[in-house]
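Under the UniProt record's numbering, think of the first position of the sequence shown as 1, with each following residue one higher. Beta carbons: idealized from backbone N, C-alpha and C, even for Gly. Predicted model, so just to flag it, every value in this text is computed and none were measured.
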Amino acid sequence: MPDSPSDERADDAYGAPYDLAVIGAGCAGLTGAVTASELGLSVALLDTSGQVGGQFYRTPAPALGAVRPEALHHDWSAFADLRRRLEASAVVHLAGHHVWTVARGSEGDTEWVVHAVTGVDGCGERPVRVRARTVLLATGASERQLPFPGWTLPGVVGAGGAQAMLKSGLVLPGRRVVVAGSGPLLLAVASSLAAAGARVPAVVEASGYLGYARRPGALAANPHKLAEALVHGAALLRHGVRLRTRSAVTRVHGTARVEAVTVSRVDRDWRPVQGTGRRIACDALAVGHGLVPQTELATSLGCATRRTPDGTYALELDGLQETSVPGLWAAGETGGIGGAQLARTEGAIAGTAAAARVLGQPALTRSRRVRELRRRRDRMRAFADTMAAAHVPGPGWVQWLNDATDVCRCEEVTAGAIREAVADYGARDARTVKLLTRAGMGWCQGRMCGAAVACLAAGPGAASVPPSPERRPLAVPVPLGVLGALDPDEADGPVS
């Protein structure tokens, strides 16, 4: 399948409105797009990447000559089936399209206008518009990072980033890699790295796993999740990887790059226990403390959100995956972190619901298949909530930071500067801290530091949560020239 079918179709991809525009070609978006297309809708599938699969099903570039890319993935057969269905469908796959906002059409127009910049990650800088009667948001999630001394050294990467390097680039972040943070992703990352030849001296989990036992019903209803954990656990045992729970990396050592980490025991609030620090030699650290739903596009349109058990914000959705804004659906991690299988299930429900709305056939959503999908979704969502509650960051993690620790990497704002803004200038929220220190004003727009800044601004004892979702007119950074090129009276087609 071509990486960018829109290149073959030239500008007719931006002409007549589609029945459905799907933003994000990961598990949820891909499933939603093919489901709606098979039910008779015209569908545009937009994604910033050149390939479908999202973050979960990353695949190496053909030039790398990977013989068995499926060996790096779990449940590859499901993805292979989705790709087959996509190839057989009439879905227009607009690869390399960086969506920066979604808006209603002109006054009285019920259509949506999706604004994007062509080129992977928007580097093409050619603004285009895609019109659609309905929209499905499947924008996924980003990693939550909590800073600590030395986390900006070369060799420190996100846990998901390490997995992405392996899946798409066939490279390891180092030869001796400590995996740390919190959440089930750590086990998958560690087993993948070890299988690929890395030495993994330890997996360092700040929480424990006893929290899962508090909701035995959710565990019993999702035996496949237990099976996945057993597979990863067996892999770690086979490679001699030590699992250290109730522990955290509290410092990274090195000059030009990572040379070692200090691992300390932490209490239930994630406060380091004095005298428990142990140094582990390594040349890389893969660290992450869970995932944060990417809701910027939705909140810019006024979609309601909800607090999740691990303190993040996800979209509030009805039983058919529709947001609080009519005609706008969401699936996958935008509604709460739950994994690939849940994302595919939600994508199928959303695609069917959008088709029912456009075609005027509400009976589609009452079919036996949709009822079963909803039951499956509810079972997996219950487990996802259990998982989130088991790995919620404790407020004591701020004690990992000394005043010299960089919190905002883009603007080089330290923990000391943020504490000064709170203690001396009366800042009580992330927005005020940003205005006083520039924390969160850099290229990532707070995606790396937002949770940490919000927690420091809230003061001692506050949980580690991101700031409440803000309604931003631009969901992602976009060149000023793109905005200047927009013609407000132009209804469709590429903007020139």
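Please report how far the alpha carbon of Q399 lies from the alpha carbon of G481, in whole angstroms.
-> Start at 1 with the first residue of the sequence shown, and residue 399 comes out as number 399. Start at 1 with the first residue of the sequence shown, and residue 481 comes out as number 481. C-alpha separation (whole angstroms): 43 Å.
Could you pull out every residue in the same chain whose Cβ sits closer than 6 Å to the Cβ of G122, ignoring the five residues on either side in sequence?
-> Start at 1 with the first residue of the sequence shown, and residue 122 comes out as number 122. Annotation note: pLDDT 48 at G122 (below 50); position unreliable, coordinate value reported separately. So the qualifying residues of the chain are H98.
Helix, strand or coil for A13, going by three-state DSSP, please let me know.
-> As a position in the sequence shown, residue 13 is number 13, starting the count at 1. Three-state result, A13: helix.
Express the C-alpha separation of A452 and S464 in angstroms, rounding to a whole number.
-> Position 464 of the sequence shown, counting from 1, holds the residue named residue 464. Position 452 of the sequence shown, counting from 1, holds the residue named residue 452. Per-residue confidence for S464 stands at a pLDDT of 49, beneath the threshold of 50, marking its modelled position as unreliable; the derived number appears in the next sentence. One C-alpha to the other measures close to 7 Å.
Own chain residues within Cβ distance below 6 Å of A421, not counting five before or after | Walking along the sequence shown from the start, residue 421 turns up at place 421. Only A427, V433, L436, T437 meet the Cβ criterion.
Okay, do the segment 269 to 283 and the segment 173 to 192 touch, 3+ Cβ pairs below 8 Å being the bar?
-> yes
Tell me whether G484 is buried or exposed, calling it buried when 16 or more other Cβ atoms sit within 10 Å of its Cβ.
-> Taking the sequence shown and counting its residues from 1, one reaches residue 484 at position 484. When all chains shown are included, G484 counts as exposed.
Assuming G288 contacts D310 (C-beta within less than 8 Å), just tell me the rounded distance between them.
-> The residue you call residue 288 lines up with position 288 of the sequence shown. The residue you call residue 310 lines up with position 310 of the sequence shown. Rounded, the Cβ-Cβ distance is 13 Å, inconsistent with contact.
K225 versus L185: straight-line alpha-carbon distance, rounded | As a working mapping, residue 225 is identified with position 225 in the sequence shown. As a working mapping, residue 185 is identified with position 185 in the sequence shown. Approximately 12 Å, taken between the alpha carbons.
What are the boundary residues of the alpha helix (DSSP H) that includes L82?
-> Counted from its first residue, the sequence shown places residue 82 at position 82. L82 -> alpha helix (DSSP H) spans 76 to 88.
Could you say which of T245, A61, G26, A235 lies nearest to M165 if we only look at CA atoms?
-> As a position in the sequence shown, residue 165 is number 165, starting the count at 1. Of T245, A61, G26, A235, the residue nearest in Cα terms is A61.
Return the Cβ separation of T31 and G319 in integer angstroms, given the expectation that the two are a contact with Cβ distance under 8 Å.
-> Here the question's residue 31 lines up with position 31 in the sequence shown. Here the question's residue 319 lines up with position 319 in the sequence shown. Not confirmed; about 17 Å, so no contact.
Please list, in chain order, all residues of the same chain as G446 whose beta carbon is under 6 Å from its beta carbon, the five residues on each side excluded.
-> In the sequence shown, counting from the first residue as 1, residue 446 sits at position 446. So the list reads G440, once near-sequence residues are dropped.
Would you say L45 and V91 are within 9 Å of each other, going by their C-beta atoms?
-> Counting from 1 along the sequence shown, the entry for residue 45 is found at position 45. Counting from 1 along the sequence shown, the entry for residue 91 is found at position 91. Yes, the Cβ-Cβ distance between L45 and V91 is below 9 Å.
How many Å lie between E372 and A363 at the Cα?
-> As a first step, residue 372 must be located in the sequence shown, where it is residue number 372. As a first step, residue 363 must be located in the sequence shown, where it is residue number 363. Looking at the two C-alpha atoms, the distance is approximately 15 Å.
Ignore the nearest five residues each way along the sequence and tell me which others in G335's own chain have a CB closer than 6 Å to its CB.
-> As a working mapping, residue 335 is identified with position 335 in the sequence shown. A314, L315, L317, listed in sequence order.
Residue range of the alpha helix (DSSP H) that E346 falls in?
-> Counted from its first residue, the sequence shown places residue 346 at position 346. Element bounds for E346: 340 to 359.
Taking Cβ positions, are Y14 and V128 nearer each other than 9 Å?
-> In the sequence shown, counting from the first residue as 1, residue 14 sits at position 14. In the sequence shown, counting from the first residue as 1, residue 128 sits at position 128. The answer is yes: Cβ separation under 9 Å.
Just list the alpha helix (DSSP H) runs in the segment 400 to 428, keeping only unbroken ones of 4 residues or longer that don't cross its boundaries, in chain order.
-> 415 to 425
Coarse secondary structure for P393, derived from DSSP in three states = Along the sequence shown, read from residue 1 onward, the residue named residue 393 stands at position 393. Residue state, collapsed to three classes: coil.
Classification of V231 by the beta-carbon crowding that lies within 10 angstroms, buried from 16 upward | Against the sequence shown, residue 231 aligns to sequence position 231. It counts as exposed.
Is M187 buried or exposed, if buried means 16 or more other CB atoms sit within 10 Å of its CB?
-> Position 187 of the sequence shown, counted from the first residue, corresponds to residue 187. Here residue 187 turns out to be Leu, not Met, going by the sequence shown. Buried is the call here.
Backbone secondary structure at R374 - three-state DSSP | As a working note, residue 374 is residue 374 in the sequence shown. Three-state result, R374: helix.
Whole angstroms is fine: what's the gap from V476's alpha carbon to R369's?
-> Working through the sequence shown from its first residue, we reach residue 476 at position 476. Working through the sequence shown from its first residue, we reach residue 369 at position 369. Going from the Cα of V476 to the Cα of R369 covers about 37 Å.
Alpha-carbon spacing of P395 relative to A71, whole angstroms | What you label residue 395 is simply residue 395 of the sequence shown in a count that begins at 1. What you label residue 71 is simply residue 71 of the sequence shown in a count that begins at 1. Taking the straight line from one Cα to the other gives about 38 Å.
Check whether the segment 297 to 310 touches the segment 194 to 214, taking contact to mean three or more Cβ pairs, one atom from each stretch, closer than 8 Å.
-> no
How is H224 classed by DSSP in three states: helix, strand or coil?
-> Walking along the sequence shown from the start, residue 224 turns up at place 224. Three-state result, H224: helix.
Buried/exposed call for V113, threshold 16 Cβ in 10 Å | The sequence position of residue 113 within the sequence shown is 113, counting from 1. The residue in question, V113, is buried, as its Cβ has 16 or more Cβ neighbours within 10 Å.
Can you round the beta-carbon distance between S89 and V22 to whole angstroms, since I take them to be within the 8 Å contact cut?
-> Residue mapping note: residue 89 aligns to position 89 of the sequence shown, counting from 1. Residue mapping note: residue 22 aligns to position 22 of the sequence shown, counting from 1. Actually they are not in contact, since the Cβ atoms of S89 and V22 sit about 12 Å apart, beyond 8 Å.
Which residues mark the beginning and the end of the beta strand (DSSP E) in which V252 is found?
-> As a working mapping, residue 252 is identified with position 252 in the sequence shown. Counting along the chain, the beta strand (DSSP E) containing V252 begins and ends at 247 to 254.
Can you give the Cα-Cα distance for A354 and R271, rounded to whole angstroms?
-> Here residue 354 is taken as the residue at index 354 of the sequence shown, counted from 1. Here residue 271 is taken as the residue at index 271 of the sequence shown, counted from 1. Each residue's Cα considered, the two are about 47 Å apart.
In this structure, what does DSSP give as the bridge partners for S264?
-> Counting from one through the sequence shown, the residue named residue 264 turns up at place 264. Answer is A248, bridged to S264.
Residue environment, P147, which counts as buried when at least 16 other CB atoms sit within 10 Å | As a position in the sequence shown, residue 147 is number 147, starting the count at 1. By the neighbour-count rule (16 or more Cβ atoms within 10 Å), P147 is buried.
Just curious, the alpha helix (DSSP H) that L185 is in, first and last residue?
-> On the sequence shown, residue 185 is found 185 positions in, with the first residue counted as 1. Where L185 is concerned, the enclosing alpha helix (DSSP H) stretches over 185 to 195.
If you count every other CB in all the chains shown that lies within 10 Å of the CB of E87, and 16 or more means buried, which is it?
-> For the purposes of this step, residue 87 is taken as residue 87 along the sequence shown, with counting starting at 1. With fewer than 16 other Cβ atoms within 10 Å, it is exposed.
Look up L315 in the DSSP assignment and give the residues it is bridged to.
-> The sequence position of residue 315 within the sequence shown is 315, counting from 1. Answer by DSSP bridge pairing, in chain order: T305.
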